[in-house]
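The structure under discussion appears below in the form of structure tokens.
2 protein chains.
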Amino acid sequence: MNEVLIVGSVALDSIETPSGRIDNALGGAATYGSVAASLFAPVHLVGVVGDDFPQEHVEFLRSRKVDLAGLQTVEGGSTFRWKGDYNGDLNQANTHETHLGVFEHFDPQLPDHYKDANFVFLANINPELQLKTLEQVRSPQLVLCDTMNLWINIAREHVLEVFKRVNIAVLNDGEARMLTEDDNIIRAGRALQKLGPQHVIVKKGEHGAVMFSDGEIFVAPSFPLEEVVDPTGAGDSFAGSLIGYLARTGDLSRENLRRAVVHGSVVASSTVQDFSLASLKQLTHDEVERRYNAVQAMSSF
Amino acid sequence: MNEVLIVGSVALDSIETPSGRIDNALGGAATYGSVAASLFAPVHLVGVVGDDFPQEHVEFLRSRKVDLAGLQTVEGGSTFRWKGDYNGDLNQANTHETHLGVFEHFDPQLPDHYKDANFVFLANINPELQLKTLEQVRSPQLVLCDTMNLWINIAREHVLEVFKRVNIAVLNDGEARMLTEDDNIIRAGRALQKLGPQHVIVKKGEHGAVMFSDGEIFVAPSFPLEEVVDPTGAGDSFAGSLIGYLARTGDLSRENLRRAVVHGSVVASSTVQDFSLASLKQLTHDEVERRYNAVQAMSSF
């Protein structure tokens, strides 16, 4: 089976939302991405933590068959920590504190058995680290990248360099507007697609996602939720399950890409139903299929 | 063929958007609704204007086979005028001025041949006038209502009274949140549906619409647009074409309701592509079907 290589942050998050709060819980783009992808395919994780990273998280990731040979542990270092809230608007995180810790001097070195990965997910992280990782993969069949407003602000040229090298770029509507300086999502998506990626997927939270391909648009619904507890990791698990689904099926046709987007959407819908990875951890493949079929029934006409 | 009775405002609008401005142009919920519905079925309009209402607009409505027997003209009275802008956010109108004019003392009197209408659209207007109109219709097969934030604010009880008497209630996401005091659209839609209507349709602008029925949700996409010139009348033409499509087909099955919602969505997508009714006036049935098929192709998976 195709394997998915994922590079990105592994973090400890402290989060406040209208539903409550948690402190120093498991988080990070690569973490959410890996657990989501592992629903569909084997995962090789690339990242870094300090020796303060709880062993229980390592054991949980191993239990999901996430290969941690590429997860460096820096003795005496501090795991990346993020503190924020979503009070006021569940679509917009307010960052209180960011401690880069061991990420400040991270130099991704891929174990040899990672270098033949066919599917690569460059999850949210400094785009220079995304590029360094990608350069070590011998001949990837499909590369997907995510990013965030921070990198668009302070490392725009590197984000654009990543865009030139990927097959699929995923970003949210705010980031699409920021990167193109265009308020209209349709124009923005088409402009982004011209920067390099064959497909650009703009995530719109509860409103679903739009995928832009050459001469074609796919408007994807979301799985409707009566309550969102914690939006953290929604985008990471969207992209992780999307590429996991592609790796599992090995089918890169446009029809299957659409199915992959909807799988991403339903996995993300589970992620946000509890804090940290509490809900995603419990998500089964059967429940993913149940939600997929429900979304299909809810949106067909 | 089934005929559609539409009551609501007939207005002269002065509008500023990022694309430009117009003064005293044809507008009003019943106007947009009637022209949209007339793409599919004969329309009986109920409304009122002053003798300042330009004859060219009367002639245009007649050319669309909109029956104006129920359009009162008050000698010496002033047509309802609205002035506003959408600068900053195309989803949110800022009202500068509202002159009720002849609407202040409007008492809808239905011509006898209107009273057997099967399909009734209570377009945006004071909910007491919606009720007065509805009471004069003998045995409507389907009643649809729209409303706006103003009436939810100042005439909430009457809005709720209307909701008890209709089959379909249409409102936008902001109005749904306001009426239920719930920020979550899925919970809000379900709560509204319990107030009486068999179906509640929450419009989300560029993000499409969600229809809530007993035990079922329909998530409808919108027709993607690279440019929105003037959002005025989008909701009115959405509802007008929706009920027009139902009247034309005479099919009230859930499957056909879904098709009606998507027809509403594509007609609205045309309305917003120019100021006032400029684009809607030009819209042909063929173009509606082309956009319908395009949306279906863009959203299937």
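Quick mapping for you: the protein sequence lines, in order, are chains A and B. In terms of my numbering, the first sequence is numbered consecutively and its last residue is 318. In terms of my numbering, the second sequence is numbered consecutively and its last residue is 318. Yeah, the Cβ is synthetic: ideal placement off N, Cα and C, and Gly gets one too.
Discussion item. Judging by CA-CA distance, which residue of B:176, B:106 and B:309 is the nearest neighbour of residue 275 of chain B?
Written reply: For residue 275 of chain B, the closest alpha carbon among the candidates B:176, B:106 and B:309 is that of B:309.
Worksheet item: residue 303 of chain B lies in the alpha helix (DSSP H); which residues open and close that run?
Response: Counting along the chain, the alpha helix (DSSP H) containing residue 303 of chain B begins and ends at 302-316.
Worksheet item: If you draw a straight line from the alpha carbon of residue 172 of chain B to that of residue 96 of chain A, how long is it in whole angstroms?
Response: Each residue's Cα considered, the two are about 56 Å apart.
Item to complete: Tell me where the beta strand (DSSP E) around residue 276 of chain A begins and ends.
Response: That residue, residue 276 of chain A, is in no beta strand (DSSP E); its alpha helix (DSSP H) goes 271-288.
Worksheet entry | When B:155, B:313, B:316 and B:293 are compared against residue 101 of chain B, the one with the closest alpha-carbon | The closest CA to that of residue 101 of chain B, considering only B:155, B:313, B:316 and B:293, is found on B:293.
Worksheet item: For residue 100 of chain B, does the three-state DSSP call read helix, strand or coil?
Response: Three-state result, residue 100 of chain B: strand.
Item to complete: Return no unless some Cβ of chain B is closer than 8 Å to the Cβ of residue 215 of chain A.
Response: By the rule that beta-carbons nearer than 8 Å mark a contact, residue 215 of chain A does not touch chain B.
Practice prompt. Determine, using beta carbons only, whether residue 164 of chain B and residue 192 of chain B come nearer to each other than 8 Å.
Written response: Yes, these two residues count as a Cβ contact at 8 Å.
Worksheet entry | Interface residues of chain A facing residue 201 of chain B [CB-CB closer than 7 Å] | The contacting residues are 243 and 244.
Practice prompt. Determine whether the Cβ of residue 165 of chain A lies closer than 8 Å to any Cβ atom of chain B.
Written response: Closer than 8 Å: no.
Discussion item. If you reduce the DSSP assignment to three classes, tell me which class residue 38 of chain A lands in.
Written reply: The answer is strand: DSSP assigns residue 38 of chain A an E or B state.
Practice prompt. Identify the contact partners of residue 260 of chain B in chain D, using a Cβ-Cβ distance below 7 Å as the criterion.
Written response: Absent here is chain D; the protein component of the structure consists of chains A and B.
Practice prompt. Could you tell me if residue 315 of chain B is buried or exposed, where buried requires 16 or more neighbouring beta carbons within 10 angstroms of its beta carbon?
Written response: Residue 315 of chain B should be labelled buried.
Practice prompt. Answer with buried or exposed for residue 121 of chain B, where buried requires no fewer than 16 other C-beta atoms within 10 angstroms of its C-beta.
Written response: Counting Cβ neighbours within 10 Å, residue 121 of chain B comes out exposed, since fewer than 16 surround it.
Fill in: Sequence ranges, alpha helix (DSSP H) only - wholly within the region 101-166 of chain B, length at least 4
Segments of the alpha helix (DSSP H) lying fully in the region 101-166 of chain B: 144-152.
Item to complete: For my contact list, residue 256 of chain A and residue 146 of chain A are in at a C-beta cut-off of 8 Å; report their separation, rounded to the angstrom.
Response: Actually they are not in contact, since the Cβ atoms of residue 256 of chain A and residue 146 of chain A sit about 16 Å apart, beyond 8 Å.
Worksheet item: Which whole-angstrom value is the C-beta distance of residue 238 of chain A and residue 225 of chain A, which I expect to be below 8 Å?
Response: Right, their Cβ atoms sit about 5 Å apart.
Discussion item. Within a Cβ cutoff of 6 Å, which residues of the same chain sit near residue 230 of chain A, ignoring the five residues on either side of it in sequence?
Written reply: Taking C-beta separations shorter than 6 Å and ignoring five residues to either side along the sequence, the partners of residue 230 of chain A in its chain run 216, following chain order.
Item to complete: Within the same chain, show all residues whose beta-carbon is closer than 8 Å to that of residue 93 of chain B, passing over the 5 residues directly before and after it, in chain order.
Response: For residue 93 of chain B, where only same-chain residues beyond five positions count, the Cβ hits under 8 Å are 67 and 68.
Fill in: Cut-off 8 Å between Cβ atoms - residues of its own chain near residue 200 of chain A, not counting five sequence neighbours on either side
When the five nearest sequence neighbours on each side are left out, the beta carbons in the same chain lying within less than 8 Å of the beta carbon of residue 200 of chain A are those of 194, in order along the chain.
Worksheet item: In terms of DSSP beta bridges, what is residue 31 of chain B paired with?
Response: Bridge partners of residue 31 of chain B: B:100.
Worksheet item: DSSP three-state call for residue 55 of chain B: helix, strand or coil?
Response: Coil, per DSSP.
Worksheet item: On the three-pair Cβ rule with 8 Å, is the region 243-263 of chain B touching the region 205-215 of chain B?
Response: Touching, no, given that fewer than three Cβ pairs across the two stretches are closer than 8 Å.
Discussion item. Please list, in chain order, the chain B residues whose beta carbon lies closer than 7 Å to that of residue 144 of chain A.
Written reply: None at all; the shortest Cβ gap to chain B is about 28 Å.
Item to complete: Would you decide whether residue 265 of chain A is buried or exposed? Buried here means 16 or more other CB atoms lie within 10 Å of its CB.
Response: By the neighbour-count rule (16 or more Cβ atoms within 10 Å), residue 265 of chain A is buried.
Practice prompt. State the start and end residues of the unbroken alpha helix (DSSP H) segment that holds residue 296 of chain B.
Written response: Where residue 296 of chain B is concerned, the enclosing alpha helix (DSSP H) starts and stops at 295-299.
Discussion item. Just to confirm my understanding: we take residue 40 of chain A, look at its own chain, exclude 5 residues before and 5 after, and list those with CB closer than 7 Å. What are they?
Written reply: Leaving aside the five residues that flank residue 40 of chain A on each side, the residues in its chain whose CB is nearer than 7 Å to its CB run, in chain order, 31.
Fill in: Close Cβ partners of residue 269 of chain B (< 6 Å) along its chain, the five nearest in sequence each way excluded
For residue 269 of chain B, there are no CB contacts under 6 Å within the same chain when 5 residues up- and downstream are skipped.
Discussion item. Under DSSP, the alpha helix (DSSP H) around residue 180 of chain B begins and ends at which residues?
Written reply: Per DSSP, the continuous alpha helix (DSSP H) segment holding residue 180 of chain B begins and ends at 173-182.
Worksheet entry | Classification of residue 130 of chain A by the beta-carbon crowding that lies within 10 angstroms, buried from 16 upward | The residue is exposed, with fewer than 16 neighbouring Cβ atoms inside 10 Å.
Worksheet entry | Which of helix, strand or coil DSSP assigns to residue 70 of chain B | Residue state, collapsed to three classes: coil.
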